[in-house]
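Worksheet: the structure to be examined is printed underneath.
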Amino acid sequence: MKEKTQQNLVKFISFLSRRKSLFTLLGGYEWWLKKKWPSPDLAQTSYLLTIHSIRELYQRKKPVVWTSLFFPSEFIWAGSMVPFYPEIASGLVAALRWSDFPLRSSFQKWVSADLCSYHRLSLGMSLLKLFPRPDFLIATNTICQGTVGFFQTLAQLWRVPFYLIDVPFADFSASEKYISYQLESLAQNLSQEWGIRFRWEQVFSCSNQTRAVIKDIENLRKQKTIILAPPTKNLDYLPYYYQFMGTRASLSFFTQLLAQLSLTEPSSCHRLLWLHLKPFYPNPVPEWLEKNNLGVAFEEFASLYPGELSSREPFSSLARKILYSWQLTVGRKRISHVLQLVQEFEVQGVVQFNQWGCRQSQGMNFPLRQALRKQEIPFLELDGDQIDQNHRSDEQWKTRIQALAEMLEGNR
Amino acid sequence: MITAGIDVGSQSTGVVIQKDGQILSFALCLTGIDPRKRAKESLKEALEKASLSPEKLDCRIATGYSRHQVEADRTVSEISAQAKGAAFLFPKARGLIDIGGQDTKVVLLSSGGKVVDFLMNDKCAAGTGRFLELMAQVLEISLTDFGKLVAQAQREVELSSTCAVFAQSELVGLIAQGKKKEDLSRAVCQAVVDQVANMVERIGLVPPVVFTGGVAKNQGVASLLEKRLGFSLLIPPEPQITAALGASLVL
Ligand SMILES: Nc1ncnc2c1ncn2[C@@H]1O[C@H](COP(=O)(O)OP(=O)(O)O)[C@@H](O)[C@H]1O
Ligand code: SF4
Chain A
24 MKEKTQQNLV KFISFLSRRK SLFTLLGGYE WWLKKKWPSP DLAQTSYLLT IHSIRELYQR
84 KKPVVWTSLF FPSEFIWAGS MVPFYPEIAS GLVAALRWSD FPLRSSFQKW VSADLCSYHR
144 LSLGMSLLKL FPRPDFLIAT NTICQGTVGF FQTLAQLWRV PFYLIDVPFA DFSASEKYIS
204 YQLESLAQNL SQEWGIRFRW EQVFSCSNQT RAVIKDIENL RKQKTIILAP PTKNLDYLPY
264 YYQFMGTRAS LSFFTQLLAQ LSLTEPSSCH RLLWLHLKPF YPNPVPEWLE KNNLGVAFEE
324 FASLYPGELS SREPFSSLAR KILYSWQLTV GRKRISHVLQ LVQEFEVQGV VQFNQWGCRQ
384 SQGMNFPLRQ ALRKQEIPFL ELDGDQIDQN HRSDEQWKTR IQALAEMLEG NR
Chain B
2 MITAGIDVGS QSTGVVIQKD GQILSFALCL TGIDPRKRAK ESLKEALEKA SLSPEKLDCR
62 IATGYSRHQV EADRTVSEIS AQAKGAAFLF PKARGLIDIG GQDTKVVLLS SGGKVVDFLM
122 NDKCAAGTGR FLELMAQVLE ISLTDFGKLV AQAQREVELS STCAVFAQSE LVGLIAQGKK
182 KEDLSRAVCQ AVVDQVANMV ERIGLVPPVV FTGGVAKNQG VASLLEKRLG FSLLIPPEPQ
242 ITAALGASLV L
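Going down the list, the sequences are from chains A and B.
Mapping of the first sequence onto this note's numbering: residues 24 to 435, in sequence order.
Mapping of the second sequence onto this note's numbering: residues 2 to 252, in sequence order.
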């Protein structure tokens, strides 16, 4: 599309996105879709949920809260607010092949091209006023410290308050209390300033039920012949693991996924564990994995907090859930977690997609590689960018994937 | 069984015809802009050298950057092909360094010659044969001159940038300052050696290590690399056909 046309289109969409009443019309469309699909399949469920979310986020009848991936959505749903995860939404924008324009916008406003593209893209979408306007922001400093600076910039861009939950990186016995105290203060603050009332029971019960279904999915995936296809597809379902946890949407989605997975044909491919995320723009990596007889048995980001959320002690249980993100950030914990997954899911190789500029994924590559080598598990790194296509290198990925498959074939 | 390994690299195309572990013939040429055509021509040449008709071939295995573009019965990655070729020529090898036109690979081998781990440079030209070509152009020397010039170098000169574009302009500046070609040639080779040595140390290669790819013909790089690593490298008589040889042996 010509630059000028694109700019005008963006201005028009940005103008429309601020007309709240317009989104009320989506209600009718949603109602019609539900009539048309009385028992929707997975794709239809996703589509319905997207329409519903767009309506909720842009209609702004309830407070819209932007948050970071490891802040539990249950807190937000329990306060009858609507969560928006800019990092997840960035993946969606990339999947729609539309990341170039917002990335360019952020670059034009002096955002460094070395910064993580999830953040760059979200800043671009904010500068263009295309993402839904937040009422306030809540973030944790896990799993990456970059999130703090990112949310601080967002707070300035949108001129809204920002509440940071500080997660200590050391395993102190007081850590849980420290986070729980911060959550409680935040809830009090939101009640006083925004009149928000928290009702934990229903949201927690839904989250616990969903977690039980996800556990069943995990157990199924531990079976040697069960592979969720196409490879890396499960990472497209991250919104259900994070954004919609605590809602019926996640519960019904995973219930359907479980049913679908139980019916899959047995597979004899090599089983991989996938670390970090994947390129979200259309790309041939899943196809090459499949062609080389490689399947993804499990994804690191699908590891869920194994405990229950309790409405008797809402803040402590949420604090424990937040602390579970240590599995991704604290080197010792991450490595033993990865080794445990390798064993439980009987994987033969580990793949990590090194996101450009991301310290979380790459910071501990050396000890991780050493630990895996000790167990004779090949560790493949794919370098590139999950959002910004300018850093893709298809030929290199292709060669590395084929070489991994050949290594595994040789080890059979 | 008679097989052909066809390695279609970014710079050179090599073909090896092999029968039951015996090399019958090989051909080597520049890839140019039509890899498909070059692969065909090289295969024809190698078959003629071996006095074989195409029908006698049981299998054609392609490897290299353009392996999916040429006519072949199957493909194998350059990593496995290089490893196989290196282990065939040097059965005791525990490591491999391959520096080609646009990428550098470092492979850790098991005692049986299997790939245990590998590393590839990222997508930029730093530390590859292409970098050396660009610098040779600026220095107005041929690639084969590097060995002689490096041996004659006297003064320490260091290139501060590994980026091919910046290094080119830096080199122009150093020439203008009157620095000698010999010293600059060593600086150029040293820049590549430092990059590759970092990769070698990262993956933890221990000797015996095989050095392949077109850059293994660059004696300047080879000698500086041996010095930096502290052990001598095993260089095949024709280091540009190891991948083709390995491909011919994968069945
Ligand atoms: N005779 C030579 N002397 C020194 N360097 C050479 C010679 N021939 C080729 N090279 C180097 O080898 C590189 C090409 O290596 P090659 O293994 O053929 O690449 P590819 O596998 O990508 O086709 C060139 O960029 C050049 O630097
Ligand atoms: S990809 Fe890495 S740097 Fe980017 S947001 Fe995620 S953890 Fe942070």
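Here a beta-carbon is modelled for each residue, glycine too, at the ideal position from N, C-alpha and C.
Predicted, not measured: the structure shown is a model, and the values here were computed from it.
Residues that residue i contacts on chain A, provided the C-beta gap is smaller than 7 Å
i: F119 of chain B; result: A426
Any non-hydrogen atom of ligand 1 within 8 Å of residue i CB
i: Q12 of chain B; result: yes
i: D8 of chain B; result: yes
i: R131 of chain B; result: yes
i: Y66 of chain B; result: yes
i: G128 of chain B; result: no
i: A244 of chain B; result: yes
i: G86 of chain B; result: no
i: D104 of chain B; result: yes
i: E56 of chain B; result: no
i: I100 of chain B; result: yes
i: G33 of chain B; result: no
i: G96 of chain B; result: no
i: N122 of chain B; result: no
i: V108 of chain B; result: no
i: Q115 of chain A; result: The sequence shown places Leu at residue 115 of chain A, not Gln. False, no ligand heavy atom lies under 8 Å from that Cβ.
i: L144 of chain B; result: yes
i: E227 of chain B; result: no
i: F147 of chain B; result: yes
i: N315 of chain A; result: no
i: V216 of chain B; result: yes
i: Q241 of chain B; result: yes
i: N242 of chain A; result: no
i: N219 of chain B; result: yes
Per-residue contacts from residue i into chain A (C-beta, under 8 Å)
i: V116 of chain B; result: A426, E429, M430, G433
Proximity test, residue i beta-carbon vs ligand 2 heavy atom, cut-off 8 Å
i: G354 of chain A; result: no
i: R357 of chain A; result: no
i: S384 of chain A; result: yes
i: T170 of chain A; result: yes
i: I166 of chain A; result: yes
i: Q279 of chain A; result: no
i: E323 of chain A; result: no
i: Y141 of chain A; result: yes
i: L206 of chain B; result: no
i: L92 of chain A; result: yes
i: Q375 of chain A; result: no
Neighbour list for residue i in chain B, Cβ cutoff strictly below 7 Å
i: E418 of chain A; result: Y66
i: T170 of chain A; result: Going along chain B, no residue has its Cβ under 7 Å from T170 of chain A, so there is no contact; the nearest lies around 26 Å.
i: P309 of chain A; result: Within 7 Å Cβ-Cβ: nothing; P309 of chain A doesn't reach chain B, min ~17 Å.
Cβ separation of residue i and residue j, assumed to be a contact under 8 Å, to the nearest whole Å
i: V9 of chain B; j: L246 of chain B; result: That belief does not hold up - the Cβ atoms of V9 of chain B and L246 of chain B are roughly 14 Å apart, past 8 Å.
i: E183 of chain B; j: L150 of chain B; result: 5 Å
i: V193 of chain B; j: V222 of chain B; result: 6 Å
i: S203 of chain A; j: A342 of chain A; result: 4 Å
i: L187 of chain A; j: N212 of chain A; result: The pair is not a contact, with the Cβ atoms about 12 Å apart (cut-off 8 Å).
i: L312 of chain A; j: I424 of chain A; result: 6 Å
i: L80 of chain A; j: P155 of chain A; result: 4 Å
Proximal residues of chain B, C-beta to C-beta of residue i below 8 Å
i: P95 of chain A; result: Correct list: empty, because the minimum Cβ distance to chain B is about 36 Å.
i: P262 of chain A; result: Near P262 of chain A there are no residues of chain B at all, since even the closest Cβ is about 31 Å away, more than 8 Å.
Amino acids of chain B, ordered along the chain, whose beta-carbon sits closer than 9 Å to that of residue i
i: R423 of chain A; result: S78, I80, F119, M121
is_contact[residue i, chain D] using C-beta, thresh 9 Å
i: P401 of chain A; result: The displayed structure is made up of protein chains A and B, and chain D is not among them.
Check: Between the region 371-395 of chain A and chain B, which residues of the former have a C-beta closer than 7 Å to a C-beta of the latter?
Finding: none
Notebook entry, point to check: Taking any Cβ of chain A, which residues in the region 76-99 of chain B have a Cβ under 7 Å from it, in chain order?
Noted result: The region 76-99 of chain B vs chain A, Cβ under 7 Å: V77, S78, E79, I80, S81.
Notebook entry, point to check: Between the region 203-226 of chain A and chain B, which residues of the former have a C-beta closer than 9 Å to a C-beta of the latter?
Noted result: Under the 9 Å Cβ criterion, the region 203-226 of chain A contributes no residue.
Margin query: At 4 residues or longer, what runs of the alpha helix (DSSP H) sit wholly inside the region 375-435 of chain A?
Written below: 382-385, 388-397, 417-434
Notebook entry, point to check: Which parts of the region 43-127 of chain B are runs of the beta strand (DSSP E), unbroken and 3 residues or longer, counting only runs that do not cross its ends?
Noted result: 60-64, 96-100, 105-110, 116-121
Notebook entry, point to check: Which residue spans inside the region 98-182 of chain A form an unbroken alpha helix (DSSP H) run of at least 4?
Noted result: For the region 98-182 of chain A, whole alpha helix (DSSP H) runs of length 4 or above, ordered along the chain, are 109-118, 123-131, 140-150, 169-181.
Next item on the list: Just list the alpha helix (DSSP H) runs in the region 235-323 of chain A, keeping only unbroken ones of 4 residues or longer that don't cross its boundaries, in chain order.
Entry: As far as the region 235-323 of chain A is concerned, its whole alpha helix (DSSP H) runs of at least 4 residues are 261-264, 271-285, 308-314.
Item checked: Secondary structure, alpha helix (DSSP H): runs of 4+ residues fully inside the region 197-240 of chain B -> Within the region 197-240 of chain B, the runs of alpha helix (DSSP H) that reach at least 4 residues and sit entirely inside it are, in chain order, 220-230.
Item checked: Runs of alpha helix (DSSP H) wholly within the region 48-75 of chain A (minimum 4 residues, chain order) -> The alpha helix (DSSP H) runs lying completely inside the region 48-75 of chain A and spanning 4 residues or more number zero.
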